[in-house]
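Novice:
2 protein chains.
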Amino acid sequence: MTKGVMMYRLYDYLPSGNGYKARLVLKQLRIDYQLVEVDIINGGSRTPEFLAKNPNGRIPVLEVPGKGFLPESHAIVSYLADGSELIPADAFERACMWQWMCFEQYHVEPNIGTVRFWVHFLRKTRAELGEKLIEKKKSGYAALDVLEETLRDREYLAGNRYSLADISLFAYTHVAHEGGFDLQPYPGVRAWCDRVASQPDWVPITAR
Amino acid sequence: MTKGVMMYRLYDYLPSGNGYKARLVLKQLRIDYQLVEVDIINGGSRTPEFLAKNPNGRIPVLEVPGKGFLPESHAIVSYLADGSELIPADAFERACMWQWMCFEQYHVEPNIGTVRFWVHFLRKTRAELGEKLIEKKKSGYAALDVLEETLRDREYLAGNRYSLADISLFAYTHVAHEGGFDLQPYPGVRAWCDRVASQPDWVPITAR
């Protein structure tokens, strides 16, 4: 393993929950890296230079020296955390971790994350967003219902210890209020957010 | 490893691309399993019995004897293929595999898969679907553009050998025409579909 001596480069936008997953893992695993900020609001992820790194035109992208460019937050964190305690050693628990990470990409990020982006960053109004906002809020709350049901009697999502699953789900859930979601009816989710935020070497979402 | 002597049970709906990923992996790894068909069109995945298996109310779900119920197609295939040649041994190539599987869940399945479900199974018309259909077709074609760009000079998606990434992306891409997508302008994608369908022990989407 030469990971420790290589300097990773992370192409990222600080308020991004997807980028935050990578930055939190880098911090908690104490891996040095260089941050390259990309202004996604003004087209920074759609330039020819950026598209050569990720044809899908999205951050985060991890540049791995000698290997190449790795897009997709969950691919990045699974690569960085490979062999660490952030990934359960047990095969079934590891699969449960992936289950929650898939759930996040399908049900949380496109609803809670996208609404936050529209409302908090693009400053779109309810009138402008119309039916799209109503549908995404409904789907976002449905995802929160599943999370609450799960976290009512469990401390962490996979294998009952802190893992990439918690990092992944925490990223957009803990800032859901920025998109107008009310977490008050979700005491299990709120207690779990507090547990994640009290982990060693935890950093807030916009930390470098 | 006691996997070989356990009998897995797969809760599934045969035309589902997500279910197909699991069935294709089970076939290609020659793992015995019992299929339990769930009539998702008529609420079969929203019964109290089913919700006890997956609170998210979706197929496929893998029942692992002595362990529990595992939802999410990509969690299921990563569990089944753990340690097999369907997952690259190299850490970076494995991360590239996950990158494509994340891409599938975010850009392919919700667009190409969902349009196929609306048009081919629910028999919704263009007029009924309106703007939603136009948006999803646009996003689906954008995903196909990224795939074509990648497959123009590559035989497989991750590490240049057949892996879970190919299975995952193939599932909805090869039936995209059922949702009205035209693959004619995508020669790289079509050639790759042929390569996947010529793998040993390949079975078509509705095979048990």
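Note that the protein sequences, when read in sequence, are chains A and B. Following the numbering used here, the numbering of the first sequence begins with 1 at its first residue and continues without gaps. Following the numbering used here, the numbering of the second sequence begins with 1 at its first residue and continues without gaps. C-beta atoms are modelled at their ideal positions from N, C-alpha and C, and glycine is treated no differently.
Over what stretch of residues does the alpha helix (DSSP H) that includes R9(A) continue unbroken?
Specialist: Premise fails: R9(A) lies in the beta strand (DSSP E), 8–12, not in any alpha helix (DSSP H).
Novice: Take Y172(B) as the anchor and find which of N18(B), Y11(B), Y13(B), R9(B) has the nearest alpha-carbon.
Specialist: Of the candidates N18(B), Y11(B), Y13(B), R9(B), the one whose C-alpha sits nearest the C-alpha of Y172(B) is N18(B).
Novice: Which residues, taken in chain order from the region 146–158 of chain A, show a beta carbon closer than 9 Å to some beta carbon of chain B?
Specialist: Result list: V146, E149, T150.
Novice: Which residues share a DSSP beta bridge with L35(B)?
Specialist: L10(B)
Novice: Against chain B, does A95(A) count as a neighbour if the rule is that its beta carbon must be under 8 Å from one of theirs?
Specialist: yes
Novice: At the level of alpha carbons, what is the spacing between A89(A) and K132(B)?
Specialist: 42 Å
Novice: Give me, in chain order, the residues of the same chain whose beta-carbon lies closer than 6 Å to that of V38(A); leave out the 5 immediate sequence neighbours on both sides.
Specialist: For V38(A), where only same-chain residues beyond five positions count, the Cβ hits under 6 Å are Y11, Y13, G44, S45, I59.
Novice: What three-state label does DSSP hand P88(A) in the structure shown?
Specialist: coil
Novice: Would you say P91(B) reaches chain A, if we count a Cβ-Cβ gap shorter than 8 Å as a contact?
Specialist: For clarity, residue 91(B) is Ala in the given sequence; the question names Pro instead. Answer yes: the Cβ-Cβ gap between A91(B) and chain A drops below 8 Å somewhere.
Novice: Here's a check: name, in chain order, each residue in its chain whose Cβ is nearer than 6 Å to the Cβ of D201(A), leaving out the five neighbours to either side.
Specialist: K27, Q28
Novice: Counting only beta-carbon separations shorter than 8 Å, does A75(A) have a partner in chain B?
Specialist: yes
Novice: Would you say C102(A) reaches chain B, if we count a Cβ-Cβ gap shorter than 8 Å as a contact?
Specialist: yes
Novice: Which residues in the same chain as A210(B) place their Cβ atom closer than 8 Å to its Cβ, once the five residues preceding and following it in sequence are excluded?
Specialist: Only positions 1 to 208 of chain B appear in this structure, which leaves residue 210(B) out of reach.
Novice: Note down, in chain order, each residue of its chain lying with its Cβ closer than 6 Å to the Cβ of S168(A), except the 5 sequence neighbours on either side.
Specialist: Here the set comprises K21, M101, E104.
Novice: For the region 48–81 of chain B, which residues have a CB atom closer than 8 Å to at least one CB atom of chain A, in sequence order?
Specialist: P55, N56, V64, K67, G68, L70, P71, E72, S73, H74, A75, I76, S78, Y79
Novice: Assign S16(B) to buried or exposed, taking buried as 16 or more other Cβ atoms, counted over all protein chains shown, within 10 Å of its Cβ.
Specialist: buried
Novice: Rounded to the nearest angstrom, how far is the Cβ of V196(B) from that of F170(B), given a contact under 8 Å?
Specialist: Confirmed, Cβ separation roughly 4 Å.
Novice: Anything in the region 106–121 of chain B with a Cβ closer than 9 Å to a Cβ of chain A? List those residues in chain order, please.
Specialist: Y106, H107, E109, P110
Novice: Below 7 Å between beta carbons is the criterion; list the residues of the region 189–201 of chain B that meet it against any residue of chain E, in chain order.
Specialist: You won't find chain E in this structure, because its protein chains are A and B.
Novice: Report the partner residues of F69(A) according to the DSSP bridge assignment.
Specialist: E63(A)
Novice: Is the separation between the beta-carbon of A25(A) and that of L86(A) shorter than 8 Å?
Specialist: Before going on, a small fix: residue 25(A) reads as Val here, not Ala. In this structure, L86(A) lies closer than 8 Å to V25(A) by Cβ.
Novice: Kindly indicate which three-state DSSP category L151(B) falls into: helix, strand or coil?
Specialist: helix
Novice: Can you give the Cα-Cα distance for K138(B) and C96(B), rounded to whole angstroms?
Specialist: 25 Å
Novice: Please report the distance separating the alpha-carbon of R53(B) from that of A127(A).
Specialist: Sequence inspection shows Lys at residue 53(B); the Arg mentioned does not correspond to that position. Spanning the two alpha carbons is a distance of roughly 39 Å.
Novice: Kindly give me the distance between the Cβ atoms of V189(B) and E148(B), rounded to whole angstroms, as I take these residues to be in contact under 8 Å.
Specialist: 5 Å
Novice: Here's the rule I'm using: 16 or more other beta-carbon atoms within 10 Å means buried, otherwise exposed. How should P110(A) be labelled?
Specialist: By the neighbour-count rule (16 or more Cβ atoms within 10 Å), P110(A) is buried.
Novice: Which residue from R208(B), Y33(B), I112(B) puts its Cα closest to that of E135(B)?
Specialist: I112(B)
Novice: Indicate the three-state DSSP secondary structure (helix, strand or coil) for Y20(B) in the structure shown.
Specialist: Helix.
Novice: Among the residues of its own chain, which have a CB less than 8 Å from the CB of N160(A), if the five just before and after it don't count?
Specialist: Only R154 meet the Cβ criterion.
Novice: So the candidates are P55(B), P65(B), M6(B); which of them puts its Cα closest to the Cα of A143(A)?
Specialist: Among P55(B), P65(B), M6(B), the Cα nearest to that of A143(A) is on P55(B).
Novice: Can you pull the chain B neighbours of Q99(A), defined as C-beta to C-beta under 7 Å?
Specialist: L70, P71, E72, A75
Novice: Can you say whether D194(B) is buried or exposed, counting buried as having 16 or more other CB atoms within 10 angstroms of its CB?
Specialist: exposed
Novice: If distances are taken between C-alpha atoms only, which option among F181(B), A158(B), V203(B), K124(B) comes closest to F92(B)?
Specialist: A158(B)
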